[in-house]
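Here's the structure we're looking at; comments come further down.
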Amino acid sequence: MNRIQEELANTIGVNSMVVESHHQKLQYLNATIKETFRLHPVGALGLTRSPSQTCKIGWYTIPKDCTVVVNVWAIQRDLRYWDNPLEFNSERFLTQEGTEKWDFQGNNMKFLPFGSGRRLCPRYPLAEKMQTYILASLFHSFNWTLPKGEEHDLSDIFLGISLKKRKPLIVIPSQRLSDSSQ
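First residue of the sequence shown: 1, per the UniProt record's numbering; consecutive thereafter.
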């Protein structure tokens, strides 16, 4: 959180509000959002697909009209694609120059938070802007702590096709910036 708040202070300043033009400059915050989606996808199992004809994928034969479910959760935690896949590491989404490696468009088949191809979520651009704006505003305006004596547990429980936290994350905000409206 400190690094995100430092990036926000350097990009926005301490007496300014977050505006849309800041979004592209918040590389570390955006990388952190992507890492969160990688480890904790909203839909653990992607939408189903059915091929219009029998096809081969690798050594698998997929019959025509067979229902195929993409396990996004497993792909995004696979050792073949990710170094230390169970470790939260925002830097994996940044280049050495500090710019973002991947976008949410589903072009990289190991990172699919909004799907891919023709079935890509049509509202992902809005979701991307809104999550950046909301999180930037919250991190810029507040410090966040766990309740006294609490430890965070970010493990998941499968609920059919979705996930939920084993233990709800409860955090306490405290004002970080002075109220500039007074």
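Ideal placement from N, C-alpha and C gives every residue a C-beta, glycine not left out.
Measuring alpha carbon to alpha carbon, tell me which residue in the options is nearest residue i.
{"i": "residue 176", "options": "32, 145, 34, 157", "result": "145"}
{"i": "residue 80", "options": "109, 34, 148", "result": "109"}
{"i": "residue 3", "options": "29, 15, 125, 20", "result": "29"}
{"i": "residue 94", "options": "20, 33, 164", "result": "33"}
{"i": "residue 123", "options": "133, 141, 139, 104", "result": "104"}
{"i": "residue 22", "options": "132, 43, 172", "result": "132"}
{"i": "residue 84", "options": "58, 67, 71, 39", "result": "39"}
Kindly identify the DSSP beta-bridge partner or partners of residue i.
{"i": "residue 62", "result": "55"}
{"i": "residue 88", "result": "Residue 88 is not bridged to any residue."}
{"i": "residue 70", "result": "Per DSSP, none; premise fails for residue 70."}
Tell me which same chain residues have a C-beta within less than 8 angstroms of the C-beta of residue i, skipping the five on either side of it?
{"i": "residue 121", "result": "114, 115, 127"}
{"i": "residue 55", "result": "61, 62"}
Looking at residue i: is its Cβ nearer than 8 angstroms to the Cβ of residue j?
{"i": "residue 26", "j": "residue 7", "result": "yes"}
{"i": "residue 69", "j": "residue 46", "result": "yes"}
{"i": "residue 35", "j": "residue 89", "result": "yes"}
{"i": "residue 41", "j": "residue 82", "result": "no"}
{"i": "residue 142", "j": "residue 1", "result": "no"}
Going along the chain, which residues of its own chain have a beta-carbon closer than 6 angstroms to the beta-carbon of residue i, five neighbours each way excluded?
{"i": "residue 164", "result": "157"}
Closer than 7 angstroms by C-beta to residue i: which residues in its own chain qualify, once you throw out the five before and the five after it? Chain order, please.
{"i": "residue 97", "result": "none"}
{"i": "residue 161", "result": "43, 44, 45"}
Checklist entry - Enumerated in chain order, which unbroken segments of the alpha helix (DSSP H) with a length of 4 residues or greater are wholly contained in the region 5-54? => result Listed in chain order, the complete alpha helix (DSSP H) runs (minimum 4 residues) inside the region 5-54 are 27-39.
Checklist entry - Which runs of the beta strand (DSSP E), 3 residues or longer, sit entirely within the region 112-180? => result 142-145, 156-159, 162-165, 172-175
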